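Undergrad: Residue numbers (our numbering): 185 to 339.
Even for Gly, the Cβ is constructed at its ideal location relative to N, Cα and C.
Here the structure is a predicted model, which is why all the values come from computation and not from measurement.
Mind having a look at this structure? Questions to follow.
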Amino acid sequence: MGNESSIVGPSKPEFTKIEKEIVESVNGLYETFWRQATQDNFDTIMIADTTLQKSGEPHTLFKWKARANWNLDPPLSDQEASELQSRETYLLDPDATGITAENLDCLWSLYAATGNRDYAERVLNISLDDRQHPVVRAAASWSYKAHSHQGLFDD
Numbered sequence: 185m186g187n188e189s190s191i192v193g194p195s196k197p198e199f200t201k202i203e204k205e206i207v208e209s210v211n212g213l214y215e216t217f218w219r220q221a222t223q224d225n226f227d228t229i230m231i232a233d234t235t236l237q238k239s240g241e242p243h244t245l246f247k248w249k250a251r252a253n254w255n256l257d258p259p260l261s262d263q264e265a266s267e268l269q270s271r272e273t274y275l276l277d278p279d280a281t282g283i284t285a286e287n288l289d290c291l292w293s294l295y296a297a298t299g300n301r302d303y304a305e306r307v308l309n310i311s312l313d314d315r316q317h318p319v320v321r322a323a324a325s326w327s328y329k330a331h332s333h334q335g336l337f338d339d
């Protein structure tokens, strides 16, 4: 079928036990940030920033999009804004192929930062796209259903 890293994305270091506890402590706030997008809540998440950076691009996109969408401090630099726009354009492109599991995580991070259903709908569309790797399609389907079941689409 192909190289596993091509469907998963780049490998990431494992979290230590303490790092897992740190991530778990902010996870609920992170997943539904858009429902209470305040500077205080953003700052609380950023306390775990060093640990969350181990998750790679999904966390970076969350930080950038939350700051841009809700005018949080510190403001995005021109370079960060450009990189964010470029990644969003790719992730939302219905013709993009070679989507990875990390790309799905990026879409969910963008959704968590904004509450914009376009990101969730893209995950659903990936699950139905025969051009995508079957494992990625299954992961997209599972993650969409899991987010829906958790009530994360309820406004």
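1) For Ser325, does the three-state DSSP call read helix, strand or coil?
2) Taking just the CA atoms, how far does Leu276 sit from Ser270?
3) Just reading off the alpha helix (DSSP H) that Lys247 is part of, what are its end residues?
4) Going residue by residue through the segment 205–242, where are the continuous alpha helix (DSSP H) segments of at least 4 residues, counting only ones entirely within it?
5) For a quick check, are the C-beta atoms of Leu288 and Leu245 less than 9 Å apart?
6) In whole angstroms, what separates the C-alpha of Lys201 from that of Glu241?
7) With a Cβ-Cβ cutoff of 9 Å, do Glu267 and Lys249 count as a contact?
8) Would you please state the rounded distance, in angstroms, between the beta carbons of Leu213 and Thr228? I believe it to be under 8 Å.
9) Taking the straight line between their C-alpha atoms, what separation do you get for Thr284 and Thr298?
10) Taking buried to mean at least 16 other C-beta atoms within 10 Å of its own C-beta, is Arg301 buried or exposed?
11) Following the continuous alpha helix (DSSP H) through Asp257, name the residue where it begins and the one where it ends.
12) Could you spell out where the alpha helix (DSSP H) holding Leu294 opens and where it closes?
13) According to DSSP, is Thr200 helix, strand or coil?
14) On the premise that Ala304 lies in contact with Tyr274, defined as a C-beta separation below 8 Å, what is that separation, rounded to the nearest angstrom?
TA: By the coordinates alone:
1) In the three-state scheme derived from DSSP, where H, G and I count as helix and E and B as strand, Ser325 is classed as helix.
2) Distance between the alpha carbons of Ser270 and Leu276: 10 Å.
3) Per DSSP, the unbroken alpha helix (DSSP H) holding Lys247 starts and ends at 241–254.
4) As far as the segment 205–242 is concerned, its whole alpha helix (DSSP H) runs of at least 4 residues are 223–231, 233–236.
5) Cβ atoms of Leu288 and Leu245: not closer than 9 Å.
6) If you take the alpha carbons of Lys201 and Glu241, they lie about 22 Å apart.
7) Going by C-beta atoms, Glu267 is not nearer than 9 Å to Lys249.
8) Contact flag correct, Cβ pair sits at about 6 Å.
9) Straight-line Cα distance between these residues: approximately 22 Å.
10) Flag for Arg301 reads exposed.
11) From DSSP, Asp257 is part of no alpha helix (DSSP H); its letter is neither H nor E.
12) First-last of the alpha helix (DSSP H) with Leu294: 285–298.
13) Residue state, collapsed to three classes: coil.
14) The Cβ separation is near 17 Å, so there is no contact.
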